[in-house]
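A.B. asks: Numbering (UniProt numbering), first residue to last: 1 to 99.
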Amino acid sequence: MTAAALIALLIGMLLLLIRAIAGPTLYDRVLAVNSFGTKTVLALGLLGFVMGRPEFLDIAILYALINFVATIAILKFFRYRSFQVPLVRRGGQGGGNNG
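If you want it as structure tokens, here you go:
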């Protein structure tokens with residue numbers, strides 16, 4: 001049963017790689033890479049369960065955190081074209097006190 005789950009995960013990962021390469025938009029590619037990372041975490045957890053090695057779960061959790069931070073960083077970069085966000089918005093678009 002676990003072998004079938006691992007095979008299904010690998011097939012899903014293959015489909016996500018195809019989507020990451022042939023995605024029509026940038027956001028499709030980012031979503032595919034994020035989903036690939038999530039499936040990698042699932043595969044690590046399943047592999048650790050099958051092999052009886054609970055330390056694989058620690059690696060899976062660490063990889064999930066890295067995947068999350070990397071996805072947020074990539075989306076922030078593509079939105080602002082920089083990793084730095086200006087402290088003051090240009091053009092008076094703030095709702096603050098300008099007087």
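C-beta atoms are modelled at their ideal positions from N, C-alpha and C, and glycine is treated no differently. Keep in mind the model is a prediction, meaning the values are calculated, not measured.
1) Going along the chain, which residues of its own chain have a beta-carbon closer than 8 angstroms to the beta-carbon of LEU6, five neighbours each way excluded?
2) Report all residues from its chain with a CB closer than 8 angstroms to the CB of VAL30; omit the five preceding and five following residues, and keep chain order.
3) Going by C-alpha distance, which of THR38, TYR80 and SER82 is nearest ILE66?
4) Is ALA22 buried or exposed, if buried means 16 or more other CB atoms sit within 10 Å of its CB?
5) Is it buried or exposed for VAL33, if we count other Cβ within 10 angstroms and need 16 for buried?
6) Would you grab the beta carbon distance between LEU16 and PHE36 for me? Rounded to a whole angstrom, and I think it's under 8 angstroms.
7) Within the segment 14-92, note down every full alpha helix (DSSP H) run reaching 4 residues or more, in order along the chain.
8) Exposed or buried, which one is ALA60 when buried takes at least 16 other CB atoms within 10 Å?
C.D. replies: Put simply:
1) Excluding positions up to five away in sequence, the list reads ALA43, LEU46, LEU47 and VAL50.
2) Result list for VAL30: THR71, ILE74, LEU75 and PHE78, in chain order.
3) Checked all of THR38, TYR80 and SER82; the closest Cα to ILE66 is THR38.
4) Burial call: exposed.
5) By the C-beta density criterion, VAL33 is buried, having at least 16 other C-beta atoms within 10 angstroms.
6) Correct: roughly 4 angstroms between the Cβ atoms.
7) Entirely contained in the segment 14-92, the alpha helix (DSSP H) runs reaching 4 residues are, in chain order, 26-51 and 55-80.
8) The residue in question, ALA60, is buried, as its Cβ has 16 or more Cβ neighbours within 10 Å.
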